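Here's the structure we're looking at; comments come further down.
Protein chains: 2
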Amino acid sequence: MTPKKKTKGTLIVLSGPSGVGKSTVIAELLSERKDIYFSVSYTTRGPRVGEADGVSYHFVSKEEFEGMIARDELLEYAKYVDNYYGTSMKVIREKLDAGVDVLLEIEVQGAATVKRKCPDAVCIFVIPPTFEELSRRLHGRATDDEQVIQGRLERAKAEYRQIPLYDYLVINDSVQSATREILSILCAEGCRVDQRLPMIRNQIEGVTAL
Amino acid sequence: MTPKKKTKGTLIVLSGPSGVGKSTVIAELLSERKDIYFSVSYTTRGPRVGEADGVSYHFVSKEEFEGMIARDELLEYAKYVDNYYGTSMKVIREKLDAGVDVLLEIEVQGAATVKRKCPDAVCIFVIPPTFEELSRRLHGRATDDEQVIQGRLERAKAEYRQIPLYDYLVINDSVQSATREILSILCAEGCRVDQRLPMIRNQIEGVTAL
């Protein structure tokens, strides 16, 4: 369901603890809203098995990444274990200016940076129905050992403390209900008076002076 | 579709020019969200043919109404042509405290009063797709003469100037799309961090200190 044509796109930031099901919700969201541009991050780490360039990440050299930093082309970036990870401001700005909604999946520190630089960004935090359920889902993956899982749960606790920085809190008790809530949030954001007034300026100016 | 249980109801204010189709949209909305309490106004004017007490209005005497004013029981009221019209604060407060969402259909001056007294109220203005369409709908009714219609259109222009006081602008190009937009707005408002944090306090307090 594509919303009515806007003059400027909405920047949507999605965060949530590892294991909450962000990827599944995002896939469902993008299948419902094919007009949304999903921003792929840049990284200097090498691709893992199954990771395609431009899909999982844009894989670039350290020199290329530092060039983007020098040219101030990044909305946010961070360095983990000698590798850079970041979001290109340039592409996002072009899309937003063309009226396209842009979705970023980003961790809490990056989200805080984005919110500071783009106060109009719509920031959504996804949580599981209960913390026990998060633990159950992480154990259910059966790919990580107990120490890794405990590390993820500890990190989740730290992320929970940042929830007040977000605009919306979506509970992922099912992919369908979480997706429906996000679709509603995006629809509602498009109905905000400040978003819609420019769209209907002709109707209003023909009638009165606002 | 009933939203997740909230600790406090949302006060929803709906306005829009005469002829925009508010009643039809409200009927559709209430059929989708049977949990919403639609607040019926109080008036001292006598019932017209087909108007039932407690449905169209609560019909009360001038003494009863002035008693409500004296006891500060009204959220907003106005006097038109020697008759009072107003909204009972008492009933609305009880419903909101019980976690029930309350819908008011109210004109722009009343909406401004409500927004001032209840800043958390979600104020939605409904407009037609074009102003010409509003004129066409008013003429299509075939119940009012041209002078009455022109009066309504003039009043609509004055109301348009108040749009910036509202939170959301819904375009009624079809009952279905307008209703869908309002449902999305209410769903999104229920997902706001300040609304949801109390709901999930147990989950969060079990995990961290917010």
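Taken in order, these protein sequences are the chains called A and B.
Each residue of the first sequence is one higher than the one before, counting from 13 in the working numbering.
Each residue of the second sequence is one higher than the one before, counting from 13 in the working numbering.
The C-beta atom is built at its ideal place from N, Cα and C for all residues, glycine as well.
Everything numeric in this text was worked out from a predicted model, so none of it was measured.
- At a cut-off of 8 Å, the C-beta of Gln215/B has a neighbouring C-beta in chain A.
- The segment 115 to 133 of chain B makes contact with the segment 175 to 188 of chain B; the number of CB pairs closer than 8 Å reaches 3 or more.
- For Val182/B, the three-state secondary structure derived from DSSP is strand.
- Where Ala90/A is concerned, there is no enclosing alpha helix (DSSP H), although the beta strand (DSSP E) around it starts and stops at Leu86 to Tyr92.
- From the listed residues Tyr92/A, Gly33/A and Ser147/A, the smallest Cα separation to Thr56/A is found for Tyr92/A.
- For the segment 27 to 61 of chain A, the beta-carbon criterion of a distance under 9 Å to any beta-carbon of chain B is satisfied by none of its residues.
- For Ser73/B, no beta strand (DSSP E) encloses it, and the DSSP letter there is neither H nor E.
- Cys203/A carries a helical assignment under DSSP once its states are collapsed to helix, strand and coil.
- Per DSSP, Leu177/A lies in no alpha helix (DSSP H) segment and is marked neither H nor E.
- Taking one beta carbon from each stretch, the segment 27 to 34 of chain A and the segment 136 to 150 of chain A have 3 or more pairs nearer than 8 Å; the two touch.
- Annotated three-state conformation of Ser43/A is helix, per DSSP.
- Taking C-beta atoms as the reference points, Ser196/B and Glu119/B fail to come closer than 8 Å.
- What Arg204/A touches in chain B, judged by beta-carbon distance under 8 Å, is Asp179, Tyr180 and Leu181, going in chain order.
- DSSP lists Glu88/A as the beta-bridge partner residues of Thr99/A.
- The Cβ atoms of Val134/A and Leu209/A lie no closer than 8 Å to each other.
- When DSSP states are grouped into helix, strand and coil, Val32/B belongs to the coil group.
- Excluding residues up to 5 positions away in sequence, Pro59 and Phe71 lie with their Cβ nearer than 7 Å to the Cβ of Asp65/A in the same chain.
- In this structure, the alpha-carbon of Glu40/B lies about 12 Å from that of Ile48/B.
- Around the beta carbon of Val25/B, 16 or more other beta carbons lie within 10 angstroms, which makes this residue buried.
- At a cut-off of 8 Å between beta-carbon atoms, Thr19/A makes no contact with chain B.
- Straight-line spacing of the CA atoms in Glu171/A and Ser51/B works out to 41 Å.
- Arg153/B counts as exposed, since fewer than 16 other beta carbons sit within 10 angstroms of its beta carbon.
- Contact between Asp132/B and Gly21/B fails: their C-beta atoms lie close to 10 Å from each other, not under 8 Å.
- By the criterion of a C-beta distance shorter than 6 Å, Gly122/A is surrounded in its chain by Glu88, once the five residues flanking it on both sides are discounted.
- Counting of Cβ neighbours within 10 angstroms places Gly202/B among the buried residues, the total reaching 16 or more.
- The residue from Ser68/B, Val61/B and Val103/B with its alpha-carbon nearest to that of Asp84/B is Val103/B.
- Interface criterion met: the Cβ of Cys199/B is under 8 Å from a Cβ in chain A.
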